[in-house]
Structure formats: structure tokens, C-alpha cells
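Chains as they are written, first to last, in my numbering: chain X, 1326 to 1731; chain H, 1326 to 1731.
Protein chains: 2
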Amino acid sequence: MQNFVYQNSTKLIFGRGAEGEAGRETAAVLRTLGAGPQGRILLHHSGGFAARSGLIDRIKGSLREAGVGWVELTGVKPNPRLSLVREGIALCRKEGLPFILAVGGGSAIDSAKAIAAGVPYGGDVWELYAKKAPVAEALPLAAVVTIPASGSESSTSSVITNEELAWKQGLSAECIRPVFAILNPELTYTLPPYQTACGVADMLAHVMERYFTREPQVELTDELCEGTMRTIVRNARQVLTTPGGAHDYDARAELMWAGTLAHNNLLGLGRVGDWASHHLEHELSAGYDIAHGAGMAIIFPAWLEYNIRADSSGGDGLPSGNTRPAQFAEKVWGLSLRRPDETAREGVLRLREFYRSIGLPVSFTDAGLPTDGIPGMARRFSRFGPDGKYRKLDAAAAEAVYRLAC
Amino acid sequence: MQNFVYQNSTKLIFGRGAEGEAGRETAAVLRTLGAGPQGRILLHHSGGFAARSGLIDRIKGSLREAGVGWVELTGVKPNPRLSLVREGIALCRKEGLPFILAVGGGSAIDSAKAIAAGVPYGGDVWELYAKKAPVAEALPLAAVVTIPASGSESSTSSVITNEELAWKQGLSAECIRPVFAILNPELTYTLPPYQTACGVADMLAHVMERYFTREPQVELTDELCEGTMRTIVRNARQVLTTPGGAHDYDARAELMWAGTLAHNNLLGLGRVGDWASHHLEHELSAGYDIAHGAGMAIIFPAWLEYNIRADSSGGDGLPSGNTRPAQFAEKVWGLSLRRPDETAREGVLRLREFYRSIGLPVSFTDAGLPTDGIPGMARRFSRFGPDGKYRKLDAAAAEAVYRLAC
């Protein structure tokens, strides 16, 4: 087990009616900032379903009741755009807003994080994502989660798409971790099944990225990962493939809680995860604007298949007889064949079958994506050099993974 | 799943050599208090092994290097005493110490928490434990953990023994949660096996208390609990019954990390645990001064046996056909007999067998305790009325559990 430092101070307010706490919690943060209860905040969301469903009105009511004013910035889209982030930064500066409340899924929260980091930064915010400067400080922010998926509500990461460069890039900094997050599973009853499924693939990917590690023994972290993955799979089936499942509070609650745990880094402690799949997917969704979760359903099984093949020929310093893919197949999918590599390969099939059963694409073909962009994506994937901590992938390896996903 | 609010802000610094961070982390806290790096703190420990092993000297060196001074209060004993707490409170007040660093196991940390709560309180600190007044504020405190057991290093609870009244009582308050905790598994290599085993029983009990709940479905919490319990059992065997196991870093690290997770309340979210066993044990260790972990090894299997018998006759509002004890037997001990109640009963046997295998007593007889005190303990257990959230125990039920433990 490697040394680690762990601290996650996000206050999680979970359950029925939790959004009613938005005003009180925001006012409490404003008091600590010395902004007084009469302060105004940036209220950031898509302007779409959350507004039409009445959620935004309920949150405004809660803010009003707590004496908190707001300026609204709507228009967040999936794969959140740099242009809107720049608009938000200008707005916060102009209006002197000291706090951001994001309402939505990972896109709204990641967009809010980018604005929060950009406001006190002297240069253009993209420089922070392009790693030209570190994030030294940020406005405090919080989230009301409507899509269990990204785990962004208690994580330090944000992913933004620079539309001009067709470049999707992540950033991580402690100061952009939300102060509080409000999670009401009831808000997810009306999510379209495809969006629920994309969220499931996203949270599962967050656990799998951490699960595939070279660290030989971190048993407790393994157990926590495996239990979380089993919970996600079971409850995704309950919500998406069972009559009445969409309104099953407990199943929705399991998914929502799993989505947060999957990415608050508890499941990564004591070891280093891989994350190449995420970066392979970022090229996909930056190029073709498909949902990140759908992209992960296409990429991850291909990445795993590539690794199982690579394991059989040894290489890249992974321990000989590496049985992690077999352990994944055994613990998450209940498989146990004669040989570990057979078990591992069967695990890939089960993973793909699961994604298909909840309505997700598992190939370029399924998603109707062209394959002529693959060499370019593989090149851009490796723009900073070979990527991946479990197994390093260069441009050729990345291309091989994309081909396995065709 | 019940609504919950979760926030655990303790910074965990885990790994080899972690105690070298004590000075830097303490100085950082003093800066936030405006006390300046030249401030002095209370350094609180037993004065026993931690001092003889050189750990206390290393911590003093780390403090000195960070420019932090200290006043020392030693003499902490297992089942920490109210008298020493009162001494600590007087010392902090007299010397104007704004921060407490505890070095040791749960006793040192719980004693430090009591001092922290007592310093700003106008009355006598025992009033806080006797629930005559709430804990409104406390000095900040932190811990260097030498015994993985109590989980006190990131919990809100403290248990103190009032020697005059032979009364051991717990207290819980957010403001006594440690600011940071330092956990170096290497420090536990030299723990006597009996103390390691007592710690194992303590952490296992923290999970089991949360596992036995009436809440019908909290699947993710169940998975996390079951994975943590399996990890504890496997690594306790590795450390305590395998040649060279005492110096197995990874196994020690799993136990230490499990001990923290077992009691930071992540494993209790979305439901209400039981906690009658802890209170039954507190009467035992208050009366006979045995180690809390040993007491839990005696009490918990008896409590579980009592509940399985009670389940078979229904009662106290538990769902008919309650199979939680069978689930415990199946998931933690890998058992699956013909009928759930058979599986459940076999689970009790395995739990007792496990405790015995690591050198713990599982009965009054094993521990050489007299049984004539049982009626008095049962009476004191129910001094605030029937206790236990999974199944309410009155004095008669408490006596029945004690008898099953004879």
C-alpha cells in the first residue's frame, strides 16, 4: 500500500427534499466569507429540464427564504464549453459574485468549477486547463446534483471542452472541490433512460480506472471498489430494465450515492489508478460530441480487451501472471472459468453485455461514429506522451484500443 | 435508504514515516488559530511504550523543527479516566494552550477530546458526558495513532470512565472530531498480540453495530461493511496467526485503514445502527477494567445469539423472516446452510472461533470474570431506559445477553 493523504470536506446532504437546504447552506457559506446574508451568488445551470421541472424555482425559493440573491447564467451543455465559462468569469467579476451554485449534472458542476478557478486568475482560464499555470485559488462553489454520474459534486476535478481547438481537457485542484453537495434521488426519476445509463457507465468507469492498478495489495480498497461496482450494476438493472424501476427510490438512491463515492477518491487510496480510458474517451467526445458515459461504454471494454491481450505477452513492467482482469471478472461478474485469462475475457463480454442491456452503445458502429478519425484521435491522445498508469499507451497502442472498439 | 448528512473533514496522513508530518500539520493549524508558529500545545499520551520506543521523541523533534512548543500531560490509561481529563483541562487553561496533540490509541484520543470539550465549558466536564449540557465548542485537536482500534482519530465520539461512579459514558459532537490524524502502520509492528487482537475486535464491532439495522435496503452501505469486515478478518489472521505476520506492512496497513473507516461513519450512512452491544460492554469494562476490545469479543457473539433466538419468535417490530444475521454469516464467513436460521447460528460460532484464534476471550469464564455482577450491570445498562436500535433491550434482555456470554 502506498502512502496517501486523504481529506474530503464536502458536506453531502442526501435524501428526499434535500434541495430545500440550498438556501440555508448557501447563506452559511456566505457568512464565513463575510459577504453577509444579503450577498448575491451565481446560479449556474442548463436552463433546460431543471428549469422546466420546477427545480430551479424551488431552489430560488430556498435562496430567497435564506435572504440570498442571485445572478443566473444558463446554457450549460453536455461536454461543457469554454466560451460559456469565459462568460461566467466576466459575469462574476462584473457583479462581484463570491460564490457559485451549480444545478445539474457533471457539466454544470465542471463549468462552475472552471468559472470558480478563472475568476481570481489573471490570465485566460484555458491556460489552467492547458497546464500553463497552476490553480492557486478559486471561488467557493456548491452543487445540486440532478444526474448521478460524474461524481464532480465532491471531487477536485473539472473537464472542459475548448470548442475552437476541439480539445477536451481535465483539471484537478483541491480549491475547486464543492463546499456542499445536495443529492435528492427523487430528482432523477424523470431522467431519460439513456441519460441514466450514460451516468451509470460514467460512475462505473470512475471505479474501474481506480481498480486497474499495479499496486499488488490494497485489499480494503479492492473490496470497496468491487462492492461499489456490484451495487452499480444491480441497481442500474433495477432502474433501467425492471417495470417501475425508474421510480424505485431505493435503487435510484443506491446509484446516486455510488456515483458520489465512485469519484471522491476513497476508492483510489493507497495506489495509483490508470485513467488512459478517460483520456481515450475525451478525444472521442471532443471530436464527435457524444455523451461521456456512452463514450466510456465504447472505450472501456476495448481498453480491457487490449490489456488482457497485452498481459498474455507480458510487457510494460506489469507483474507476470497479472490476474487483475480475472479478479475483476470474478468479483464483479461472478465468473470463474478454468484459466484466469479465460475468466478475464469472459468478463469483457459481460461488461459489454451489461452496457447493451441498459441501452448503451459498445462500439463505434453502435454509436454511428466514423472510424477515419482514429489516427488523429490516437495522435492527440498522446500529445503529452504515452498515457496510462496501469499500462502506458503510446499513439499506436491507443489506435489499437480504438480499433478494438470499432 | 434514510436521508443523511455526511461530512468528515479530518485530514488523514497515512503511511510509512507519517509521524514526521506532525510538526508541519500542527503549525498549520496554529496559523489558522492566529496563535502564530511560536504557540505551545498540549502533548497528551500514556508516557509508556510510545515514549520508550522513541516515538514521542520523534514527534517532539518534528514539533521543534516546525517551531511549535508543548506542555506534556502523560498518564493516559486504557478506559481513560475522568481525573486525568480534569487535570488536562486545568493545565490547558493555566498555560493558555489552544490545541491538543494526542499520541496513542483510542484512550489517548478520547482523553484529549474530553479535555478539548472541557476547556471552554463553564461547568465540570462530566456534565457533558452525563448529558446535562450539550457540547457547544471545543479546542481543536489531532492524533498520532499507535493502536488501530477505536477509529477515534476521525470520529466525533469519546468515551470516558468516571472512576468514582464506575460509570463509563460516551459523548458525540462534531467539534471534537480531530483536525488531522497521522497513521503509520509501522508503529504497530511492536504492539503486543493481545492488544492488536483487542483492536481488531473493536473495529469489527464498529462495523457490526452499523451493520445490524432495521433499514431494509442500503445495499452500498452493506457492501462496504461486508468488504471491510472480510478485510479485517483476513488481515487479523495474517498479522496474528502467520509467522512473520506481525511485521507484514501491507497487512498492518489494511488493519489500520480498516480501523479508521470502521468508525468514520461512512459505513453507517442511510440507516440507524444498534449500539446496544457497546453499551453492554461499557458496563463490563467499567466494572472490571478489561480492555474494550476483549469485552466486545465476549459481548457481541452473545448479543447476536440472543437476537437470532428472538428473531425466531418474532417480536419488537423487526420484519418477519428477518435474515440479517444469516446475511452476516453468508457474506462475512462464507456460510450457506439449508435454512437462514441455521446459517445465522453457524455465523455466531465462526465469529467466536475467529476471536479465539486471535487470542481473545469469548466468555466471562475465558476472561476470569465473576458473574455475580450481572444483575447490577443489566440495571445500569438500562439506566436511561431500554437501549438498542436494532432490537430494544430492557434490563431483563440485557441480563439474558450477559448470561449467554458466561
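Every residue, glycine too, gets a C-beta built ideally from N, C-alpha and C. Small disclaimer: the values here were computed from a predicted structure and weren't measured.
Going by other Cβ atoms of all chains shown within 10 Å of its Cβ, with 16 needed for buried, is residue i buried or exposed?
i               : result
residue 1604(X) : buried
residue 1769(H) : Coverage of chain H is limited to positions 1326 through 1731, which leaves residue 1769(H) absent and any answer about it impossible.
residue 1514(H) : exposed
residue 1709(X) : exposed
residue 1636(X) : buried
residue 1602(X) : buried
residue 1659(X) : exposed
residue 1405(X) : buried
residue 1336(H) : buried
residue 1588(X) : buried
What do you reckon, are the CB atoms on residue i and residue j nearer than 7 Å?
i               : j               : result
residue 1503(H) : residue 1467(H) : yes
residue 1485(X) : residue 1407(X) : yes
residue 1631(X) : residue 1729(X) : yes
residue 1692(X) : residue 1720(X) : no
residue 1475(H) : residue 1431(H) : yes
residue 1409(H) : residue 1365(H) : no
residue 1706(X) : residue 1608(X) : yes
residue 1323(H) : residue 1501(H) : Any answer about residue 1323(H) is impossible in this case: the structure gives chain H only from 1326 up to 1731.
residue 1442(X) : residue 1393(X) : no
residue 1667(X) : residue 1505(X) : no
residue 1510(X) : residue 1684(X) : no
residue 1714(X) : residue 1597(X) : yes
residue 1464(H) : residue 1483(H) : no
residue 1623(X) : residue 1687(X) : yes
residue 1726(H) : residue 1628(H) : yes
residue 1384(H) : residue 1347(H) : yes
Rounded to whole angstroms, what is the Cα-Cα separation between residue i and residue j?
i               : j               : result
residue 1575(H) : residue 1555(H) : 15 Å
residue 1340(H) : residue 1507(H) : 8 Å
residue 1600(X) : residue 1480(X) : 15 Å
residue 1723(X) : residue 1455(X) : 21 Å
residue 1565(X) : residue 1620(X) : 19 Å
residue 1550(X) : residue 1327(H) : 23 Å
residue 1669(H) : residue 1651(H) : 4 Å
residue 1581(X) : residue 1487(H) : 44 Å
residue 1382(X) : residue 1376(X) : 7 Å
residue 1562(H) : residue 1522(H) : 10 Å
residue 1661(H) : residue 1655(H) : 6 Å
residue 1489(H) : residue 1451(H) : 12 Å
residue 1330(H) : residue 1696(H) : 42 Å
residue 1415(H) : residue 1440(H) : 9 Å
residue 1732(H) : residue 1389(X) : Because chain H is modelled from 1326 through 1731, residue 1732(H) falls outside the range shown and cannot be assessed.
residue 1448(X) : residue 1459(X) : 11 Å
residue 1344(H) : residue 1552(X) : 32 Å
residue 1568(X) : residue 1559(X) : 15 Å
residue 1606(X) : residue 1531(X) : 13 Å
residue 1386(X) : residue 1420(X) : 21 Å
residue 1380(H) : residue 1578(H) : 18 Å
Go through its chain and collect everything with a Cβ distance to residue i's Cβ below 6 Å, but skip five positions before and after it.
i               : result
residue 1368(H) : 1395, 1397 and 1426
residue 1653(H) : 1672
Can you find the residues in the same chain that come closer than 8 Å, C-beta to C-beta, to residue i, ignoring five residues on each side of it along the sequence?
i               : result
residue 1371(X) : 1399, 1400, 1401, 1402, 1429, 1432 and 1433
residue 1542(H) : 1326
residue 1354(H) : 1424, 1465, 1467, 1504 and 1505
residue 1538(H) : 1596, 1597, 1598, 1599, 1649, 1714 and 1715
residue 1594(X) : 1329, 1331, 1543 and 1546
So, for residue i: in the same chain, excluding its five sequence neighbours on each side, which residues have a beta-carbon less than 7 Å away from its beta-carbon?
i               : result
residue 1584(X) : 1473, 1474, 1476, 1524 and 1528
residue 1418(H) : 1444
residue 1700(X) : 1724
Give, in chain order, every residue of the region 1326-1337 of chain X whose Cβ lies closer than 9 Å to some Cβ of chain H.
Along the region 1326-1337 of chain X, going in chain order, the ones with a CB nearer than 9 Å to a CB of chain H are 1326, 1327, 1328, 1329, 1330, 1331, 1332, 1333, 1334, 1335, 1336 and 1337.
Counting only Cβ-Cβ distances shorter than 8 Å, please list the residues of the region 1379-1394 of chain H near chain X, keeping chain order.
Taken residue by residue, none of the region 1379-1394 of chain H has a beta-carbon sitting less than 8 Å from a beta-carbon on chain X.
If you measure beta-carbon to beta-carbon, which residues of the region 1568-1586 of chain H are closer than 8 Å to chain X?
Result list: 1574, 1575, 1578, 1579, 1582, 1583 and 1586.
Using a Cβ-Cβ cut-off of less than 7 Å, list which residues of the region 1415-1447 of chain X approach chain H; keep chain order.
Within the region 1415-1447 of chain X, no residue has its Cβ closer than 7 Å to any Cβ of chain H.
By the 8 Å beta-carbon criterion, what residues does the region 1554-1568 of chain H contribute toward chain X?
Contact annotation: in the region 1554-1568 of chain H, residues whose CB is within less than 8 Å of a CB in chain X are 1555, 1556, 1559 and 1560.
Could you list the residues in the region 1524-1550 of chain H with a C-beta less than 7 Å from some C-beta on chain X, going in chain order?
Contact annotation: in the region 1524-1550 of chain H, residues whose CB is within less than 7 Å of a CB in chain X are 1542, 1544, 1545, 1548 and 1549.
Tell me which residues of the region 1699-1722 of chain H have at least one Cβ-Cβ distance to chain X shorter than 9 Å, keeping chain order.
Per Cβ criterion, the list is empty.
Positions along the region 1338-1371 of chain X whose CB lies within less than 9 Å of some CB in chain H
From the region 1338-1371 of chain X, only 1338, 1339, 1340, 1341, 1342, 1343 and 1346 have a Cβ closer than 9 Å to chain H.
Residues of the region 1588-1615 of chain H whose Cβ lies closer than 8 Å to any Cβ of chain X, in chain order
Per Cβ criterion, the list reads 1591, 1594 and 1595.
Determine which residues of the region 1643-1675 of chain X have a Cβ less than 9 Å from any Cβ of chain H, and write them out in chain order.
If the cut-off is 9 Å between Cβ atoms, the region 1643-1675 of chain X has nothing near chain H.
Along the region 1682-1693 of chain H, where does the CB come closer than 7 Å to a CB of chain X? Name the residues.
So the list is empty, because no residue satisfies the distance condition.
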